[in-house]
Amino acid sequence: MRAILTGVVLGLMLLGAFQIGRLAAPEPPPPAPLPPGPESLELPESRTIAVFRAARDSVVAITTSARVAHPFTRRAAEMPLGTGSGFLWDRDGHVVTNDHVIREADSAMVQLADGRSLPARVVGRDPSHDLAVLRIEGGDLPAPLPRPEAGEGALEVGQSVLAIGNPFGLDWTLTTGIVSALERELDNPRGATIRGLIQTDAAINPGNSGGPLLDSRGRLVGVNTAIYSPSGTSTGIGFAVPVSTVSRVVPQLIETGRYVPPSLGMGFDARINAAVNRQGLSGVVVLDVARGSEAARAGVEPARVGRGSIVPGDVIVGIDGAPVATLDELMAEIDRRRVGEEVTVTLERDGARREVALTLRAGR
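So that you can map any letter, position 120 of the sequence shown is 103 in the numbering used here, and since no number is skipped, the others follow by simple counting.
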């Protein structure tokens, strides 16, 4: 009897344990959450998304073509030439891009983010800075990109930047990176040196040319212009023309169709100056002074060249307090200023220094 009771008790205990276990079994896991929306992302991601959304409509894709004559019939036909990027500069339909994007083109079409394709005409070109301005006409054009006010928005190495463009025809592509360096120099295909460039590791590929480089507030800080790559694709070294240069050049292109650089009213020679620098003389030798210029009225004396020798006159050793040791440094200082701006030029002659105030004029 005791064995029977023991069996019954054990059976009841096992049944109870089974029931308790069944009741206490864990609930199935909740379904996986949906991908987060922008409002739930980290702050840097949300800011990047907001900047892209605000800037996207102001960026355009540019396709160019050239008229090619058939070798036998001599009939001309439009042949695709290339693609590039650009952005709206103002409410009048002016589009900024690179000069090399439209250099050999006979016609250009601008595609907006809303799908419209509009014919564009060239307003002005500046090969020396690889900048060009097109104009499109149409109703309800997107707003231009915001730009930093004068005196604000100076870039720093390490600052976040965003590039928008159409690499390899993949329209409205966003890449991000940082400012890797400032004041870089690059020779353009025509041999001219473009100074003061921004270096960035934001991916820039063929087709990005002419697109905007933005800061983390969505303001224009540069125009993407080139990559450094043996293969022709991004290697983490891209260059952009800074907005300070763009803001000097573009208004002239819109107004006159060309860019006239500022000048001191003096003449220089790169080869002669390089030879003088190699002999240990620091500064820029003045070889010519324009007649009737402020430099002439200030008594600036050019060098005398004769019988295979150079007798230096005045040598420029500073601009507005910044030391100038070479012609490249002098041109970089002048290039970042505007026609009509006054500069203080430090001159050295026979070991004595003096300063003269000159107003920059148009032309070299």
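Even for Gly, the Cβ is constructed at its ideal location relative to N, Cα and C. Note that the structure is predicted; figures quoted are calculated from it, not measured.
Option in V268, M249, V326 with minimal Cα separation from A258: Numbered from its first residue, the sequence shown carries residue 258 at position 275. Ranking the options by Cα distance to A258, first place goes to V268.
Identity of the residues DSSP links to A103 by a beta bridge: Reading the sequence shown from its first residue, position 120 is the one you call residue 103. In the DSSP output, where bridge partners are listed per residue, A103 has A91.
I believe S48 touches A103 by the beta-carbon criterion, under 8 Å. Please report the beta-carbon distance rounded to the nearest angstrom. Sequence index remark: in the sequence shown, residue 48 carries index 65 (1-based). Sequence index remark: in the sequence shown, residue 103 carries index 120 (1-based). Actually they do not touch by this definition, with Cβ atoms about 12 Å apart.
What distance in whole Å lies between the Cβ atoms of D113 and N81, which are believed to be in contact at a cut-off of 8 Å? Taking the first residue of the sequence shown as 1, we reach residue 81 at position 98. Taking the first residue of the sequence shown as 1, we reach residue 113 at position 130. Right, their Cβ atoms sit about 5 Å apart.
Sort T228, S68, L310 by Cα distance to P244 and report the nearest one. Your numbering for residue 244 matches position 261 in the sequence shown. When each option's Cα is compared against that of P244, the closest is T228.
Taking the alpha carbon of L145 as the point to measure from, which residue in E316, F151, G160, E132 has its own alpha carbon closest? As a first step, residue 145 is located in the sequence shown; it is residue number 162 there, counting from the start. Answer by Cα proximity: G160.
From what residue to what residue does the alpha helix (DSSP H) around S143 run? Within the sequence shown, residue 143 is the residue found at index 160, counting from 1. Here S143 belongs to no alpha helix (DSSP H); instead the beta strand (DSSP E) covers 143 to 148.
For G69, does the count of other Cβ atoms within 10 angstroms reach 16, so buried, or fall short, so exposed? Reading the sequence shown from its first residue, position 86 is the one you call residue 69. Here G69 is buried, its C-beta having at least 16 other C-beta atoms within 10 Å.
Tell me which same chain residues have a C-beta within less than 8 Å of the C-beta of P295, skipping the five on either side of it? Reading the sequence shown from its first residue, position 312 is the one you call residue 295. Only V259, L264, V268, A286, R332 meet the Cβ criterion.
Output the residue ranges of the alpha helix (DSSP H) runs that lie fully inside the region 201 to 277 and measure 4 residues or longer, sorted by chain position. Fully enclosed alpha helix (DSSP H) runs of 4 or longer: 226 to 239, 253 to 261.
Do you know how far the Cα of T329 is from the Cα of L343? Position 360 of the sequence shown, counted from the start, is the residue given in the question as residue 343. Position 346 of the sequence shown, counted from the start, is the residue given in the question as residue 329. The C-alpha of T329 is placed about 15 Å away from the C-alpha of L343.
Which term fits E292, buried or exposed, when burial requires 16 or more other beta carbons within 10 angstroms of its beta carbon? Numbered from 1 along the sequence shown, position 309 holds the residue referred to as residue 292. Here residue 292 is Ser; the residue named in the question, Glu, does not match the sequence. With fewer than 16 other CB atoms across the displayed protein chains lying within 10 angstroms of its CB, S292 is exposed.
Spatially closest choice to L338 from A164, V298, D311, E324, by CA coordinates: Taking the first residue of the sequence shown as 1, we reach residue 338 at position 355. Here the sequence assigns Glu to residue 338, which means Leu is not the residue at that position. For the set A164, V298, D311, E324, the Cα lying nearest the Cα of E338 is the one of V298.
Need the endpoints of the alpha helix (DSSP H) that E312 sits in, please. In the sequence shown, the residue the question calls residue 312 occupies position 329. Counted as a single uninterrupted DSSP element, the alpha helix (DSSP H) harbouring E312 occupies residues 310 to 318.
Would you tell me roughly how many angstroms separate the C-alpha atoms of V42 and A281, rounded to the nearest one? The residue you call residue 42 lines up with position 59 of the sequence shown. The residue you call residue 281 lines up with position 298 of the sequence shown. Using only the alpha carbons, I get a separation of about 48 Å.
What distance in whole Å lies between the Cβ atoms of D73 and V125, which are believed to be in contact at a cut-off of 8 Å? Taking the sequence shown and counting its residues from 1, one reaches residue 125 at position 142. Taking the sequence shown and counting its residues from 1, one reaches residue 73 at position 90. The sequence as given places Pro at residue 125; Val does not occur at that position. Between P125 and D73 a beta carbon distance of about 11 Å is seen, past the 8 Å cut, so the two are scored as non-contacting.
Beta-carbon within less than 6 Å of S90's beta-carbon, same chain only, minus the 5 sequence neighbours each way: which residues are those? Against the sequence shown, residue 90 aligns to sequence position 107. Non-local beta-carbon contacts of S90 in its own chain, meaning distances under 6 Å to residues more than five positions away in sequence, involve S48 in chain order.
Once the 5 residues before and after M249 are set aside, which same chain residues still bring their CB inside 6 Å of it? Translated into positions along the sequence shown, residue 249 becomes position 266. Residues of the same chain with a CB within less than 6 Å of the CB of M249, apart from the 5 flanking positions on each side, are V269, V272, A278 in chain order.
T158 versus I147: straight-line alpha-carbon distance, rounded: Position 175 of the sequence shown, counting from 1, holds the residue named residue 158. Position 164 of the sequence shown, counting from 1, holds the residue named residue 147. Rounded to whole angstroms, the gap between the alpha carbons of T158 and I147 is 7 Å.
Where G152 falls: helix, strand or coil (DSSP): Here residue 152 is taken as the residue at index 169 of the sequence shown, counted from 1. G152 falls in the helix class under three-state DSSP.
Using the C-alpha atoms, what's the distance from P63 back to H77? Within the sequence shown, numbered from 1, the residue matching residue 77 stands at position 94. Within the sequence shown, numbered from 1, the residue matching residue 63 stands at position 80. The alpha-carbon atoms of H77 and P63 are separated by roughly 23 Å.
Mark F151 as exposed unless 16 or more other C-beta atoms lie within 10 angstroms of its C-beta, in which case mark it buried. Counted from its first residue, the sequence shown places residue 151 at position 168. It counts as exposed.
Count the other CB atoms within 10 Å of the CB of G141; is the residue buried (16 or more) or exposed (fewer)? Numbered from 1 along the sequence shown, position 158 holds the residue referred to as residue 141. So G141 ends up on the exposed side.
How big is the Cα-Cα spacing for R241 and G107? For the purposes of this step, residue 241 is identified with residue 258 of the sequence shown, where counting begins at 1. For the purposes of this step, residue 107 is identified with residue 124 of the sequence shown, where counting begins at 1. If I take the Cα positions, the gap works out to 5 Å.
Rounded C-alpha distance that separates A15 from F222: Within the sequence shown, the letter at position 32 stands for residue 15. Within the sequence shown, the letter at position 239 stands for residue 222. Residue placement at A15 is poorly supported in this model, since its pLDDT is 48, which falls under 50; the coordinates are not used for a value here.
Who does S68 pair with in a DSSP beta bridge? Against the sequence shown, residue 68 aligns to sequence position 85. Answer is A44, bridged to S68.
Classify V224: buried if its beta carbon has 16 or more other beta carbons within 10 angstroms, exposed otherwise. The residue given as residue 224 occupies position 241 in the sequence shown. Flag for V224 reads buried.
Taking buried to mean at least 16 other C-beta atoms within 10 Å of its own C-beta, is R36 buried or exposed? Counted from its first residue, the sequence shown places residue 36 at position 53. Counting other Cβ atoms within 10 Å of its Cβ, R36 stays below 16 and is therefore classed as exposed.
S199 and V34: beta carbons closer than 9 Å? Taking the sequence shown and counting its residues from 1, the one referred to as residue 199 is at position 216. Taking the sequence shown and counting its residues from 1, the one referred to as residue 34 is at position 51. Yes.
Could you say which of T309, G190, A209 lies nearest to R254 if we only look at CA atoms? Locating residue 254 in the sequence shown gives position 271, where the first residue counts as 1. Taking only the C-alpha atoms, the option nearest R254 is T309.
Hey, would you say I177 sits closer than 9 Å to D170, going by beta carbons? Within the sequence shown, residue 177 is the residue found at index 194, counting from 1. Within the sequence shown, residue 170 is the residue found at index 187, counting from 1. In this structure, I177 lies near D170, with their beta-carbon atoms less than 9 Å apart.
S276 to G334, Cα distance in whole Å? Position 293 of the sequence shown, counted from the first residue, corresponds to residue 276. Position 351 of the sequence shown, counted from the first residue, corresponds to residue 334. S276 and G334: Cα-Cα distance of roughly 25 Å.
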